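K.L.:
There are 2 protein chains.
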Amino acid sequence: MYRSHTCGELRIENAGNKVKLAGWIQRSRVLSGQIFADLRDRYGITQLSFIEENDAAIFAQAKKLGREFVVQIEGKVLERQSKNTNIPTGEIEVEVETLRILNSSKTPPFTIENDTDGGEELRMTYRYLDLRRSPLQNALKLRHKVAMEVRNYLANLDFLEIETPYLIKSTPEGARDFVVPSRMHPGHFYALPQSPQTFKQLLMVSGYDKYFQIVRCFRDEDLRADRQPEFTQIDCEMAFVEQEDILQTFEGLTKHLLNTVVDAKIEDTFPRMSYEEAMNRYGIDKPDIRFGMTLWEITSLVKNKGFVVFDQAEYIGGICVENGANMSRKEIDKLIDYVKRPQIGVKGLVWMKCDNELKSSVDKFFTEEQRKEWKDAANAKDGDLLLIIADTQHRARKALGELRLHLGNELGLRNPNEFAPLWVLDFPLLEKDDESNRWFAMHHPFTAPKPEDIHLLESDPGAVRANAYDLVLNGNEIGGGSIRIFDRELQATMFDLLGFTREEAEAQFGFLMQAFEYGAPPHGGIALGFDRLVAILGGQENIRNFIAFPKNNAGRDLMIDAPSILHNDQLDELSLNIKD
Amino acid sequence: MYRSHTCGELRIENAGNKVKLAGWIQRSRVLSGQIFADLRDRYGITQLSFIEENDAAIFAQAKKLGREFVVQIEGKVLERQSKNTNIPTGEIEVEVETLRILNSSKTPPFTIENDTDGGEELRMTYRYLDLRRSPLQNALKLRHKVAMEVRNYLANLDFLEIETPYLIKSTPEGARDFVVPSRMHPGHFYALPQSPQTFKQLLMVSGYDKYFQIVRCFRDEDLRADRQPEFTQIDCEMAFVEQEDILQTFEGLTKHLLNTVVDAKIEDTFPRMSYEEAMNRYGIDKPDIRFGMTLWEITSLVKNKGFVVFDQAEYIGGICVENGANMSRKEIDKLIDYVKRPQIGVKGLVWMKCDNELKSSVDKFFTEEQRKEWKDAANAKDGDLLLIIADTQHRARKALGELRLHLGNELGLRNPNEFAPLWVLDFPLLEKDDESNRWFAMHHPFTAPKPEDIHLLESDPGAVRANAYDLVLNGNEIGGGSIRIFDRELQATMFDLLGFTREEAEAQFGFLMQAFEYGAPPHGGIALGFDRLVAILGGQENIRNFIAFPKNNAGRDLMIDAPSILHNDQLDELSLNIKD
Chain A
131 MYRSHTCGEL RIENAGNKVK LAGWIQRSRV LSGQIFADLR DRYGITQLSF
181 IEENDAAIFA QAKKLGREFV VQIEGKVLER QSKNTNIPTG EIEVEVETLR
231 ILNSSKTPPF TIENDTDGGE ELRMTYRYLD LRRSPLQNAL KLRHKVAMEV
281 RNYLANLDFL EIETPYLIKS TPEGARDFVV PSRMHPGHFY ALPQSPQTFK
331 QLLMVSGYDK YFQIVRCFRD EDLRADRQPE FTQIDCEMAF VEQEDILQTF
381 EGLTKHLLNT VVDAKIEDTF PRMSYEEAMN RYGIDKPDIR FGMTLWEITS
431 LVKNKGFVVF DQAEYIGGIC VENGANMSRK EIDKLIDYVK RPQIGVKGLV
481 WMKCDNELKS SVDKFFTEEQ RKEWKDAANA KDGDLLLIIA DTQHRARKAL
531 GELRLHLGNE LGLRNPNEFA PLWVLDFPLL EKDDESNRWF AMHHPFTAPK
581 PEDIHLLESD PGAVRANAYD LVLNGNEIGG GSIRIFDREL QATMFDLLGF
631 TREEAEAQFG FLMQAFEYGA PPHGGIALGF DRLVAILGGQ ENIRNFIAFP
681 KNNAGRDLMI DAPSILHNDQ LDELSLNIKD
Chain B
131 MYRSHTCGEL RIENAGNKVK LAGWIQRSRV LSGQIFADLR DRYGITQLSF
181 IEENDAAIFA QAKKLGREFV VQIEGKVLER QSKNTNIPTG EIEVEVETLR
231 ILNSSKTPPF TIENDTDGGE ELRMTYRYLD LRRSPLQNAL KLRHKVAMEV
281 RNYLANLDFL EIETPYLIKS TPEGARDFVV PSRMHPGHFY ALPQSPQTFK
331 QLLMVSGYDK YFQIVRCFRD EDLRADRQPE FTQIDCEMAF VEQEDILQTF
381 EGLTKHLLNT VVDAKIEDTF PRMSYEEAMN RYGIDKPDIR FGMTLWEITS
431 LVKNKGFVVF DQAEYIGGIC VENGANMSRK EIDKLIDYVK RPQIGVKGLV
481 WMKCDNELKS SVDKFFTEEQ RKEWKDAANA KDGDLLLIIA DTQHRARKAL
531 GELRLHLGNE LGLRNPNEFA PLWVLDFPLL EKDDESNRWF AMHHPFTAPK
581 PEDIHLLESD PGAVRANAYD LVLNGNEIGG GSIRIFDREL QATMFDLLGF
631 TREEAEAQFG FLMQAFEYGA PPHGGIALGF DRLVAILGGQ ENIRNFIAFP
681 KNNAGRDLMI DAPSILHNDQ LDELSLNIKD
């Protein structure tokens, strides 16, 4: 046993005790005749003192202690003269009587402090040092705690955690699979799962009734910021349930996490909103409802009044910035630049300041009377600012939704310590890809249409709503799921609609369709993005801080230098050649 | 909500209640005027009754119910006339008033009963049906329970579960890696981890102090029976510990599992045995100590007495079968055949029956007096049978160890409901591969030699013992681990001994060796084979029954038909060609 206590454990009550501690030297201050060193471990920091007068040999030894040296000490706990009320051990220090240097350390390439001087790339390369910093340690502790709470909560509801395989079969649907060549079966490949979707449905067919798994998933996507090729999800499925049962169950789980992990004190039922309402009022299917500034439409009010931009637009609508009328021209120009960026891509922004007079960027086209109508439509008060976009409905609402979030950030309306969960319901079953003119499953091909919309499947597929639902937290989709089709015939119809030939459907999902012939129960489920959930609970949106060893934006692990080339004999064994 | 109760829930107290149930028709018996059907779900079986007299329409409907149909019923709970005391719901039945067939079923290709008529291959192909059988449902419930107990036990000891990556770097050491071609980096590959070994050591360098993870691991081995290309382990590591701390911690965990999951009532400290003793007394490094029949050596007693087989052997030893003297010549011949099989490969067996007289197969070479000495050496009683093997020490002990286990099975000495844990300690650090004349790490290259043996590293590497330990349960190695080297110089020496050039070591483990330069703490760990642990706790040795979707012996998933060929455009995207 290297220690009698951790570095976060000693209190004033321990004064006088002989203790043994081990940890890292966070920093040391050499004064005349006395050295103070902070000894750190996962549990906290304890101040060590070395007094030349009492023991010159140890004092000399302590002089050599560098940052991040690993030491073991024995000593006596003393009440501190100048107490540090910021840390739990701040009332004591340990006067060192024996010092054993277990390992030395080179000077780290960046400081191991809450705010480090290391750049992203350097910290990724020395991830094992970055992981020593408190913010990352707290992130991983939070992750552990959330995982434990999830498991215990679901297990108490009789859910079984069941592991599904990682070496499965490639299905060229959805995102790209990562594949794994088989040495034993040359020319054949396994695939890594994008999710355990089919396995969890099979488990329902097998009668497991309530399944969950905290499971790694893999997607070989072109990477964007904050996407990881491997990610973790809380994957769940239940049999003999309707949508309402699933909403209740996972609202319970989420509420439990919000109340136990971050003490959010959420007692009310989560609000629910249809997809249509979300798009109308927030311009996005995952509204951040921590603040208002919702969208309103004035198309009929403003069209055909002679302003060509409005006259040619399908949709004219806006948002109202409370007390925004005092924004300078320069600030408004910045917002115009913001919406004109290619990522958003609308042509501009019409603004109107509500004050004694209503001053807008299009005064010459509209009378004061007409502008008064806009103010009313926006429910604006004096002092507010209206921002209006005219475009196709799709593009304008999307741009307004983004602008709203941008302003929410700028104006500090998105408090990371406030938690606003929301269910978004009634998603469309299908969406059309304009390029290929094909229907795609908005959720996935196993999602059940709402029974009352099934009659529209052939005549008006785009109007069919799904029994699908998303769980949204602070403007992030943290989960999504659906009631599944459990009838082989309806599933076959869906595959037809999605343009699968019977043969393709059979080749890819044959085992699932076959399983449905042997007594499949009604079932449905949900999957929560674990990395993002933890990040949001931690008050952040950067998931990388909540993953111990993440990949960078190019999908590389800079620390271990992966991916990397293989030896030729490994390629030979796998019967593979690299194409030039 | 499809049901008010599960099929395992109703009791005599519910008599008179109106209930709603859903599940599968296990079987139904049509009598004149009455039909009884067993409705099954994960929780149990409830008997349904349909009475023609009371409701002819429902009776007619019920006649059509086939095996594995999925139904929802409403009805009234009645006390049964002939009670079934074998099941918890056996005192009641439900008289059905409404019957809704949710899904029909084709006739399953094998019976969904505890003992099924389906062969292995058929059941693997229809795994989703096999998984409906109680023995498999119980296996997966046990697996879930063990995982929950492990996590809660370790979390209560301040262990953090930390997820390590699955897309890592290939290291051509140990078994073969599965690799994953990178589409973004043509010609480059990730590898799937054989274990998170280096990551957990890095987490110790990062100060996480106590880590665990229930984690999937991958090994592309030539498959043998009961080996899976992907398997799950309970992976653990602790900092600032000595071997004793780890033994105590994981003995605590194992005892907790034995006492809570299978009620084994184990209170004593686990026995400990050195590797040397295990090999001497059991002929194997993972002794099953549920029964005796230990090995003894009589080399010096019997050599140079004129019996050439003994005279030429390095080692002569045996086991004593209690009350085995009544074995027939035919039975003994079978044992001789057993040890002569190529898997064991010794030339034969000398036997001696201890009775009024000592009758052996080599009586003409040894006097009664001499044979009496054997009996004493074996600690045999009248009525026992001695079985003696002469060969190299290595081969003879191995053969005796196997023979002992074989007889243990034959004689019913290995009770699956008895649990005998054991620590095996003091493994050799290195073992020599005779073909290549190279030293290999017996555990792995990061294992620390015992400090008192370090001086032998250069002069007599084979004599150096490691701070390595195995946890053995009922003759199975369920876990193994070691104290790690945490000093870069000692690690470099080890790599030298193992024949790595500095460049190779740098290329493969550079990041770990570099990490050791920044203040690595003393640390060590253990990994438990989760699949096998659960199987043994379930009283079985076949791990496949304890994995929801296992691969067969050829590494194939027969249900989903994986691995399989890829579309050519997938290969193109990955810049790969298949060699003919």
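Chains as they are written, first to last, in my numbering: chain A, 131 to 710; chain B, 131 to 710.
Think of the CB as a built atom: it goes at the ideal place given N, C-alpha and C, for glycine as much as any other residue.
None of these values were measured; they are calculated from a predicted model.
Scan the segment 222–235 of chain A for residues whose Cβ lies nearer than 9 Å to a Cβ of chain B and list them as they occur along the chain.
P.N.:
Correct list: LEU232, ASN233, SER234, SER235.
K.L.:
If you measure from the beta carbon of GLN267 (chain B) to each beta carbon in chain A, is any gap under 9 Å?
P.N.:
Chain A, which has a Cβ nearer than 9 Å to the Cβ of GLN267 (chain B), makes this yes.
K.L.:
Between PRO218 (chain A) and chain B, is the shortest Cβ-Cβ distance under 9 Å, so that the two count as touching?
P.N.:
No - not a single Cβ of chain B is within 9 Å of the one on PRO218 (chain A).
K.L.:
Count the other C-beta atoms from every protein chain shown that fall within 10 angstroms of the C-beta of HIS653 (chain B), then say buried if there are 16 or more, exposed otherwise.
P.N.:
By the Cβ-count criterion, HIS653 (chain B) is buried, with 16 or more other Cβ atoms from all chains shown falling within 10 Å of its own Cβ.
K.L.:
Are the CB atoms of ARG568 (chain B) and LEU479 (chain B) within a distance shorter than 9 Å?
P.N.:
no
K.L.:
Shorter than 9 Å from the beta carbon of PRO579 (chain A) to some beta carbon of chain B?
P.N.:
no
K.L.:
Put MET368 (chain B) into one of helix, strand or coil per three-state DSSP.
P.N.:
strand
K.L.:
Roughly how far, in whole angstroms, is the beta-carbon of GLY110 (chain B) from the beta-carbon of GLY659 (chain B), given that I think they are within contact range, below 8 Å?
P.N.:
Since the first residue of chain B shown is 131 and the last is 710, residue 110 (chain B) is not available in this structure.
K.L.:
Taking buried to mean at least 16 other C-beta atoms within 10 Å of its own C-beta, is ILE695 (chain A) buried or exposed?
P.N.:
exposed
K.L.:
Is MET314 (chain A) near GLY685 (chain B), with beta carbons less than 9 Å apart?
P.N.:
In this structure, GLY685 (chain B) lies closer than 9 Å to MET314 (chain A) by Cβ.
K.L.:
What are the boundary residues of the alpha helix (DSSP H) that includes ALA507 (chain A)?
P.N.:
498–507
K.L.:
So is ASN545 (chain A) in contact with chain B if we call contact Cβ pairs under 9 Å?
P.N.:
no
K.L.:
According to the neighbour-count rule (16 or more other Cβ atoms, all chains shown, within 10 Å of its Cβ), is GLU198 (chain B) buried or exposed?
P.N.:
By the neighbour-count criterion, in which a residue is buried when 16 or more other Cβ atoms sit within 10 angstroms of its Cβ, GLU198 (chain B) is buried.
K.L.:
Please classify SER158 (chain B): is it buried, with 16 or more other beta-carbons within 10 angstroms of its beta-carbon, or exposed?
P.N.:
buried
K.L.:
What does ASP691 (chain A) reach in chain B if we use C-beta pairs closer than 7 Å?
P.N.:
LYS299
K.L.:
Counting only the same chain and skipping the five closest in sequence on each side, list residues whose C-beta sits under 8 Å from that of GLN358 (chain A).
P.N.:
ASP661, ILE673, ARG674, ILE677, PRO680, LYS681
K.L.:
Use the C-beta contact count for SER458 (chain B): other C-beta atoms within 10 angstroms, 16 or more gives buried, fewer gives exposed.
P.N.:
exposed
K.L.:
Which chain B residues sit within Cβ distance under 8 Å of VAL309 (chain A)?
P.N.:
VAL310, PRO311, LEU696, GLN700, LEU704
K.L.:
Starting from the Cα of ASN389 (chain B), find the closest Cα among B:TYR296, B:PRO551, B:GLU223, B:ALA578 and give me that residue.
P.N.:
Selected option, being the one with the closest Cα: B:PRO551.
K.L.:
Using a C-beta to C-beta distance shorter than 7 Å, which residues of chain B count as neighbours of SER336 (chain A)?
P.N.:
Those within 7 Å of SER336 (chain A) in chain B are TYR258, LEU261, ARG262.
K.L.:
Give a yes or no on whether 9 Å exceeds the smallest Cβ distance from THR328 (chain A) to chain B.
P.N.:
yes
K.L.:
Which same chain residues end up closer than 7 Å to SER491 (chain B) when comparing Cβ atoms and leaving out the 5 residues on each side of it in sequence?
P.N.:
VAL480, TRP481
K.L.:
Establish whether the CB of ALA152 (chain A) and some CB of chain B are separated by less than 9 Å.
P.N.:
So, interface residue.
K.L.:
Once you ignore the five residues that flank ARG253 (chain A) on each side, which residues in its own chain have a CB closer than 6 Å to its CB?
P.N.:
ASP260, listed in sequence order.
K.L.:
Let me check one thing: in DSSP terms, what residues is LEU488 (chain B) bridge-paired to?
P.N.:
B:CYS484
K.L.:
Between GLY317 (chain B) and chain A, is there a C-beta pair that is closer than 9 Å?
P.N.:
At least one CB of chain A lies nearer than 9 Å to the CB of GLY317 (chain B).
K.L.:
Measure the Cβ-Cβ separation of GLU243 (chain A) and ARG273 (chain A) and say whether it is below 9 Å.
P.N.:
no
K.L.:
What are the complete beta strand (DSSP E) segments, minimum 3 residues, inside the segment 392–480 of chain B?
P.N.:
402–404, 445–451
K.L.:
Identify whether GLY382 (chain B) lies in helix, strand or coil by the three-state DSSP scheme.
P.N.:
Secondary structure of GLY382 (chain B) (DSSP, three-state): helix.
K.L.:
Could you confirm whether any beta carbon from chain B is found closer than 9 Å to the beta carbon of LYS416 (chain A)?
P.N.:
no
K.L.:
Quick one: Cα of GLU588 (chain A) to Cα of LEU537 (chain A), how far?
P.N.:
42 Å
K.L.:
CA-CA distance, LEU555 (chain A) and GLY413 (chain A)?
P.N.:
15 Å
K.L.:
Note down, in chain order, each residue of its chain lying with its Cβ closer than 7 Å to the Cβ of ILE231 (chain B), except the 5 sequence neighbours on either side.
P.N.:
The residues are PHE199, VAL201.
K.L.:
With a threshold of 16 other CB atoms inside 10 Å of the CB of THR215 (chain A), please say whether the residue is buried or exposed.
P.N.:
Answer is exposed; the Cβ neighbour count stays below 16.
K.L.:
Between the alpha carbons of VAL207 (chain B) and HIS386 (chain A), how many angstroms are there, rounded?
P.N.:
36 Å
K.L.:
Closer than 8 Å is the cut-off here; do at least three beta carbon pairs connect the segment 327–342 of chain B with the segment 365–382 of chain B?
P.N.:
The segment 327–342 of chain B and the segment 365–382 of chain B touch, with no fewer than 3 CB-CB distances between them shorter than 8 Å.
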